[in-house]
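Novice:
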Amino acid sequence: MKLLLSDVLSHELMKDLEKYVELVVKATSTFAEAVRLLNEVRIGEARASFSHVIKLLDESGALKSAVEDGVAKTRLDPGFKEEMLVLINLVDDVGDHIKEASREFTILPFLEIPTQLRTGLIELLAAVSTMISKLADIIMCFIKGDYVKVEKINNEIIKLEEEADRFELENRSLLLSMGDRLKPQAIQLLVHDLNNLLENTADLCARVARRTRLIILAWLS
Numbered sequence: 000m001k002l003l004l005s006d007v008l009s010h011e012l013m014k015d016l017e018k019y020v021e022l023v024v025k026a027t028s029t030f031a032e033a034v035r036l037l038n039e040v041r042i043g044e045a046r047a048s049f050s051h052v053i054k055l056l057d058e059s060g061a062l063k064s065a066v067e068d069g070v071a072k073t074r075l076d077p078g079f080k081e082e083m084l085v086l087i088n089l090v091d092d093v094g095d096h097i098k099e100a101s102r103e104f105t106i107l108p109f110l111e112i113p114t115q116l117r118t119g120l121i122e123l124l125a126a127v128s129t130m131i132s133k134l135a136d137i138i139m140c141f142i143k144g145d146y147v148k149v150e151k152i153n154n155e156i157i158k159l160e161e162e163a164d165r166f167e168l169e170n171r172s173l174l175l176s177m178g179d180r181l182k183p184q185a186i187q188l189l190v191h192d193l194n195n196l197l198e199n200t201a202d203l204c205a206r207v208a209r210r211t212r213l214i215i216l217a218w219l220s
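Residue 49 in numbering that gives the first Met the number 0 sits at position 50 of the sequence shown, with consecutive numbering throughout.
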């Protein structure tokens with residue numbers, strides 16, 4: 000018999016989980032907007048948006064603790080609780096990566112990066128932003144018990160992960176081909192770190208999707 004998350008978690012706890020995921024998604028969309036503003040040389044607005052990203056993720060971190068405590072206190076199978084806590088922490092890792100990327104963008108002279116490489120970073124970010132939006136969709140379907148849609152979105156996220164991997168590789172190749180032309184060396188290191196950070200965020204999104212699917216198969220189907 001199919002079980003729903005509402006059969007094992009309180010209504011209040013599920014609402015907190017929804018809000019937690021929504022905050023991470025909102026922070027990501029704000030981050031993407033900040034990068035767009037930066038690319039349009041709207042520096043003051045971009046910095047304000049990056050600061051808002053940090054604020055949103057600090058708020059989500061406080062809510063994450065409440066969700067963790069709520070799950071830990073439930074009288075559920077220890078194995079199921081552990082799976083849920085791992086899932087929550089994976090979502091938190093996604094938020095942490097976006098927060099770190101925001102901090103790196105505030106110190107990176109983005110407009111000094113050659114156009115082709117800058118475009119590549121924006122394309123990678125677009126793929127990651129879409130993945131995080133779909134991550135929210137998969138969690139909401141998980142909460143509502145729409146397990147067929149979870150499977151569908153999981154497959155979409157896998158394809159987006161492959162796209163993100165391709166962008167990351169292209170950016171890395173560009174960075175290597177530019178060599179000493181991209182100066183100072185600190186910019187090279189920052190671009191490399193940012194490219195890697197965004198690709199790791201994509202990997203985390205895929206892990207959240209797979210973990211959600213496995214929880215359903217192992218515990219709720």
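From the three backbone atoms N, C-alpha and C, an ideal C-beta is built for every residue, glycine too.
Do L86 and R210 have their C-beta atoms closer together than 9 Å?
Specialist: Contact flag set, yes.
Novice: If you follow the alpha helix (DSSP H) that I112 is part of, which residue opens it and which one closes it?
Specialist: Segment: none, I112 is in no alpha helix (DSSP H) and carries neither H nor E.
Novice: As a quick exercise: from A61, E169, G94, pick the residue whose alpha carbon is nearest that of T27.
Specialist: Residue G94 is the option with its Cα nearest to T27.
Novice: Just verifying my parser: in three-state terms, what is the DSSP assignment at L22?
Specialist: Helix, per DSSP.
Novice: Since E160 and A201 should fall inside the 8 Å C-beta cutoff, what is the C-beta to C-beta distance between them, to a whole number of angstroms?
Specialist: Rounded, the Cβ-Cβ distance is 5 Å, consistent with contact.
Novice: Kindly confirm or deny that the stretch 71-79 and the stretch 189-208 touch, where touching means at least three C-beta pairs closer than 8 Å.
Specialist: Output reads no: the stretch 189-208 does not touch the stretch 71-79.
Novice: For L2, collect the residues of the same chain with a Cβ closer than 7 Å to its Cβ; drop the 5 residues on either side in sequence, then sort them by chain order.
Specialist: Closer than 7 Å at Cβ, skipping near neighbours: L219.
Novice: In whole angstroms, what is the alpha-carbon distance linking L188 and P113?
Specialist: Using only the alpha carbons, I get a separation of about 15 Å.
Novice: For L116, which of K98, M177, V149 has the nearest alpha-carbon?
Specialist: When only C-alpha atoms are compared, the closest one is M177.
Novice: To the nearest angstrom, how far is the alpha carbon of V190 from that of N38?
Specialist: Near 15 Å, if we compare the C-alpha coordinates of N38 and V190.
Novice: Please report how far the alpha carbon of S48 lies from the alpha carbon of S64, in whole angstroms.
Specialist: Each residue's alpha carbon lies about 25 Å from the other.
Novice: Distance, Cα to Cα, L175 vs L22?
Specialist: Taking the straight line joining both Cα atoms gives about 36 Å.
Novice: Tell me which same chain residues have a C-beta within less than 7 Å of the C-beta of D179, skipping the five on either side of it?
Specialist: Answer for D179: no residue qualifies.
Novice: On a CA-only basis, which of V66, L120, P183 is nearest K170? Give me that one, please.
Specialist: For the sequence presented, residue 170 should be read as Asn rather than Lys. Ranking the options by Cα distance to N170, first place goes to L120.
Novice: Have a look at E58 and K72 and give me their C-alpha separation to the nearest angstrom.
Specialist: So the two alpha carbons sit approximately 22 Å from each other.
Novice: Considering only C-alpha positions, which residue in the set L123, V149, K143, I142 is nearest to K133?
Specialist: Comparing Cα positions, the closest option is V149.
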